[in-house]
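To convert, note that position 149 of the sequence shown is 148 in numbering that gives the first Met the number 0; the numbers rise steadily by one, no gaps.
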Amino acid sequence: MEISFIGAGNLAWHLAPALENAGHHINEIYSRQLQHARQLVSNLYDAHTHSELNFADSPSTLFILAVPDDALEDVCSRLVLPERATVVHTSGSKNLDSLTKWMEIYSDVPVNTGVFYALQTFTKGQSFMTFDGIPLCIESDDKPTEEALVLLGQDISNIVYLITSEERRTLHVAAVLACNFTNHLLALARDLTIRNGLEFDLLRPLITETFRKGLAANNPANVQTGPARRHDLTTVSDHLTLLANQPQLAEIYQVITSSILQYYKNGESL
Ligand SMILES: NC(=O)c1ccc[n+]([C@@H]2O[C@H](COP(=O)([O-])OP(=O)(O)OC[C@H]3O[C@@H](n4cnc5c(N)ncnc54)[C@H](OP(=O)(O)O)[C@@H]3O)[C@@H](O)[C@H]2O)c1
Numbered sequence: 000m001e002i003s004f005i006g007a008g009n010l011a012w013h014l015a016p017a018l019e020n021a022g023h024h025i026n027e028i029y030s031r032q033l034q035h036a037r038q039l040v041s042n043l044y045d046a047h048t049h050s051e052l053n054f055a056d057s058p059s060t061l062f063i064l065a066v067p068d069d070a071l072e073d074v075c076s077r078l079v080l081p082e083r084a085t086v087v088h089t090s091g092s093k094n095l096d097s098l099t100k101w102m103e104i105y106s107d108v109p110v111n112t113g114v115f116y117a118l119q120t121f122t123k124g125q126s127f128m129t130f131d132g133i134p135l136c137i138e139s140d141d142k143p144t145e146e147a148l149v150l151l152g153q154d155i156s157n158i159v160y161l162i163t164s165e166e167r168r169t170l171h172v173a174a175v176l177a178c179n180f181t182n183h184l185l186a187l188a189r190d191l192t193i194r195n196g197l198e199f200d201l202l203r204p205l206i207t208e209t210f211r212k213g214l215a216a217n218n219p220a221n222v223q224t225g226p227a228r229r230h231d232l233t234t235v236s237d238h239l240t241l242l243a244n245q246p247q248l249a250e251i252y253q254v255i256t257s258s259i260l261q262y263y264k265n266g267e268s269l
């Protein structure tokens, strides 16, 4: 497939090389700051940087929007596409109808639309990730487009699902809880140790075992430990005293403690 990327950030950094390694041709990479496109292009065989959103003369048939969710409409409003183009977004939360509506409003030529969402966390600058084993969530209202996106997905991953916008939205919230929030908690735990002259490395075996055990269990709720799970409310209160001069951290501690207490209130989990 002939492909162009709009956006050269975290996702594009990994997805563009993966598609190229699967035999697809990446023609153009657009980013606002050209050096970001240049960095990505330097890792591709035959791609060129693109400094504007006019792709009227592009040889590509697939345009992958890899920009922040809140930038999607603005990008769509400025995007100029060739005939017979397909545009997909890569967002976990934006619905397909929005993209379709924007293309109807803003594009001078008819455009097929779809979603190509990879359920994984990607960080630019890290070594390229293989997509095998990463769930790909595909959606399109147009059957041939849907089939083409599924085939494209299967070229890089063995887990390709047709997922509706509503289902994807729920998956995305779950992903934020499981990935973004836990990573933020790790960062807060690190700050707390460093600020008090302790080494974050002391927590590494605990973190490793937490994730191993939670994934090995049928339900992570079955292996929950800690003061809130034990109902050790004196310890909880002591921890809150220790955090008294960090009100935001204390609030996070309080909210999650309440959630755990509530969850196990009747001795049940889902
Ligand atoms: N990162 C992940 O883990 C992940 C996982 C799954 C799905 N996704 C999805 O992938 C999409 C991109 O996320 P990302 O993490 O790759 O974002 P990102 O790292 O912030 O990269 C965004 C790219 O879009 C460009 N951009 C930002 N605002 C723009 C605007 N207003 N107009 C035009 N271009 C703009 C940026 O240009 P400059 O380079 O010039 O700043 C950059 O190249 C999102 O829809 C996200 O939901 C991300």
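Note that beta-carbon positions come from the ideal geometry of N, C-alpha and C, so glycine has one too. Treat the numbers as computed from the prediction; the structure is a model and nothing was measured.
Along the length of the segment 70-109, whole alpha helix (DSSP H) runs at least 4 residues long occupy 71-77, 95-105, reported in chain order. Every unbroken stretch of the beta strand (DSSP E) spanning 3 or more residues and falling wholly within the segment 156-215 is given here in chain order: 159-161. Contact check for D140 and T99: beta-carbon distance about 7 Å, within the 8 Å limit, so the pair qualifies. For T234, the enclosing alpha helix (DSSP H) has its first and last residue at 232-241.
Listed in chain order, the non-local C-beta contacts of D107 below 7 Å within the same chain number zero, local neighbours out to five positions each way being set aside.
The continuous stretches of alpha helix (DSSP H) do not include Y44, and DSSP gives it neither H nor E. The bridge partners DSSP lists for E27 are S3, H47. Contact between G6 and L64 holds: their C-beta atoms lie close to 7 Å from each other, under 8 Å.
A distance criterion of 6 Å places the beta-carbon of D68 in contact range of ligand 1, judged by its closest non-hydrogen atom. In the displayed model, G113 falls within a strand according to three-state DSSP. Sixteen is the threshold: when 16 or more other Cβ atoms of the shown chains lie within 10 Å of the Cβ of G91, as they do, the residue is buried.
For I137, the enclosing beta strand (DSSP E) has its first and last residue at 135-138.
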